[in-house]
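Following: one structure in structure tokens, then a few remarks.
Protein chains in written order, with the UniProt record's numbering: chain A, 1 to 134; chain L, 1 to 151; chain Z, 1 to 138.
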């Protein structure tokens, strides 16, 4: 039998590569939800239209993950006091995780502003992304 | 009116499909951020057998900002004032976007089970609570019968 | 923007009034601290300088009905005052002759109302109107 392909429609699927997300919010079946907006990690935060690189995910040192826009908006509020909404530990980005690399600059400033004043002794050191990543 | 964020829609749906025992929250038709709430007084508290009416509003910044909650039924409680305003940490400084309408209302119910006269909002009630707890509890029970009885 | 319900709006105004976060030239608060419906309010307006109202304090009563803030509150002077928009028998501020009431917006507050009445007192046409004796009431 001879088959002739007239057209081919390639379909791709993707999801964020999250190492060790056993603490993630699991509410609707198996899909992991952002603990702030309660939309899937692979979906978008409430202000974005397109998922993926336009609305990336970040992974916390505490293994709680959020859309970067969601966590940034939270950390910008005075109530946040720099803490993770889920476990109330000081929020910082997990190190050596590929998807965090691009977001360090974005979160560095917010995190510095929300740290307790005692940590602000050496502003220069604080500005290093490394410090924030720990 | 701006469209309702997905999170609020989801929370509302779940409040209906999977309600918290002893708590109801129904949005007003003309304002889906504004809920009519009832909370049953916890067992073995002076508020037992009472049903309390409350109102809850989700401000524009929710969930970055806590919901606003107020008692509409008169209640004798050291952390709830005469206008129904509630002194509860998760409604103010300890708010977190990981909390939801249902967890907030559970905290309100828990506050009824454990009044905290050391952090009062209604000073006269707190004083009575600290000086003569039996009297205060009797009064709370009396008010519950008077204003919050099930109909 | 979502629509803040009447009660939470009034609680915000109350808090602002209680904490004295507003301007010094006016003040307002609940007439009855037990009134869970927050309907009846008292207010004061400090007479504007360089007018016949200077150094006088005017007392007013406000009623925020069910439809507030979609509808303006009713406001009535308790202290006697001679102003074109104030009914000289009852002290009521007449919506027909006071723009803030006539063209009321949801974003307006009781503070807006008190401050605008103060501006009305200071208008060139009104500031030298002869005034009743200080301390008399309607």
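In this text, a Cβ means the ideal position worked out from N, Cα and C, and glycines have one as well.
Since the model is a prediction, treat every value here as computed from it, not as a measurement.
Beta-carbon proximity of residue i to residue j, cut-off 7 Å
i, j, result
"residue 45/Z", "residue 28/Z", "no"
"residue 56/Z", "residue 134/Z", "yes"
"residue 27/L", "residue 38/L", "no"
"residue 42/A", "residue 15/A", "yes"
"residue 8/L", "residue 105/L", "no"
"residue 100/A", "residue 58/A", "yes"
"residue 117/L", "residue 126/L", "yes"
"residue 209/A", "residue 98/L", "It is not possible to answer for residue 209/A, since the shown part of chain A is limited to 1 through 134."
"residue 50/L", "residue 36/Z", "no"
"residue 118/Z", "residue 25/Z", "yes"
"residue 15/Z", "residue 110/Z", "no"
"residue 96/Z", "residue 84/Z", "no"
"residue 54/L", "residue 32/L", "no"
Assumed close pair residue i, residue j - CB separation to whole angstroms, cut-off 8 Å
i, j, result
"residue 63/L", "residue 36/A", "6 Å"
"residue 8/Z", "residue 68/L", "5 Å"
"residue 87/L", "residue 124/L", "About 14 Å; that fails the 8 Å criterion."
"residue 79/L", "residue 15/L", "Incorrect: roughly 24 Å between the Cβ atoms, too far for contact."
"residue 112/Z", "residue 100/Z", "7 Å"
"residue 82/L", "residue 33/Z", "6 Å"
"residue 103/A", "residue 56/A", "6 Å"
"residue 11/A", "residue 6/L", "Not confirmed; about 26 Å, so no contact."
"residue 77/L", "residue 19/L", "Actually they do not touch by this definition, with Cβ atoms about 24 Å apart."
Contact set for residue i: own chain, Cβ-Cβ below 7 Å, skip 5 residues either direction
i, result
"residue 46/A", "37"
"residue 113/L", "42 and 45"
"residue 25/L", "15, 35, 37, 56, 101 and 105"
"residue 87/Z", "94"
"residue 91/Z", "76, 77, 78 and 138"
"residue 106/A", "68 and 72"
"residue 83/A", "89, 90 and 91"
"residue 141/L", "46"
"residue 137/L", "46"
Burial state of residue i, where buried means 16 or more other Cβ atoms lie within 10 Å
i, result
"residue 8/A", "exposed"
"residue 92/A", "buried"
"residue 28/A", "In this prediction, residue 28/A has a pLDDT of 46, which is less than 50 and means its spatial position is unreliable; what the coordinates show is noted afterwards. Counting Cβ neighbours within 10 Å, residue 28/A comes out exposed, since fewer than 16 surround it."
"residue 50/Z", "exposed"
"residue 130/L", "exposed"
"residue 144/L", "buried"
"residue 66/L", "buried"
"residue 124/Z", "exposed"
"residue 103/Z", "exposed"
"residue 33/A", "buried"
"residue 30/L", "exposed"
"residue 18/Z", "exposed"
"residue 93/L", "exposed"
"residue 128/L", "buried"
"residue 94/A", "buried"
"residue 44/A", "buried"
"residue 121/Z", "buried"
"residue 30/Z", "buried"
"residue 114/Z", "buried"
"residue 5/A", "exposed"
"residue 65/A", "buried"
"residue 96/L", "buried"
Proximal residues to residue i (C-beta, below 8 Å), its chain only, five neighbours per side dropped
i, result
"residue 39/Z", "63, 64 and 65"
"residue 128/Z", "51 and 52"
Same chain, Cβ closer than 6 Å to residue i, neighbours up to 5 away in sequence not counted
i, result
"residue 147/L", "73 and 74"
"residue 23/A", "Low confidence applies here, because residue 23/A scores a pLDDT of 49, under 50, leaving its location unreliable; read the following figure in that light. Hits under 6 Å: 63."
"residue 10/Z", "38"
"residue 74/Z", "63"
"residue 59/L", "65"
"residue 69/Z", "9 and 106"
"residue 136/Z", "80"
"residue 47/Z", "53, 54 and 56"
"residue 22/Z", "16 and 111"
"residue 132/Z", "80"
"residue 47/L", "41, 112 and 144"
"residue 72/Z", "101 and 104"
Residue i at chain D interface by Cβ criterion, 7 Å
i, result
"residue 33/Z", "The structure shown contains no chain D; the protein chains it does contain are A, L and Z."
request  = Just list the alpha helix (DSSP H) runs in the UniProt domain "UBC core" (3-149) of chain L, keeping only unbroken ones of 4 residues or longer that don't cross its boundaries, in chain order.
outcome  = Within the UniProt domain "UBC core" (3-149) of chain L, the runs of alpha helix (DSSP H) that reach at least 4 residues and sit entirely inside it are, in chain order, 6-17, 101-113, 123-131 and 133-147.
inquiry  = Which complete beta strand (DSSP E) runs does the UniProt domain "UBC core" (5-138) of chain Z hold, if anything under 3 residues is left out?
reply    = 26-30, 40-46, 57-63 and 74-77
ask   = Where are the alpha helix (DSSP H) runs, 4 residues long or more, that stay fully inside the region 68-112 of chain A, in chain order?
value = Fully enclosed alpha helix (DSSP H) runs of 4 or longer: 68-75.
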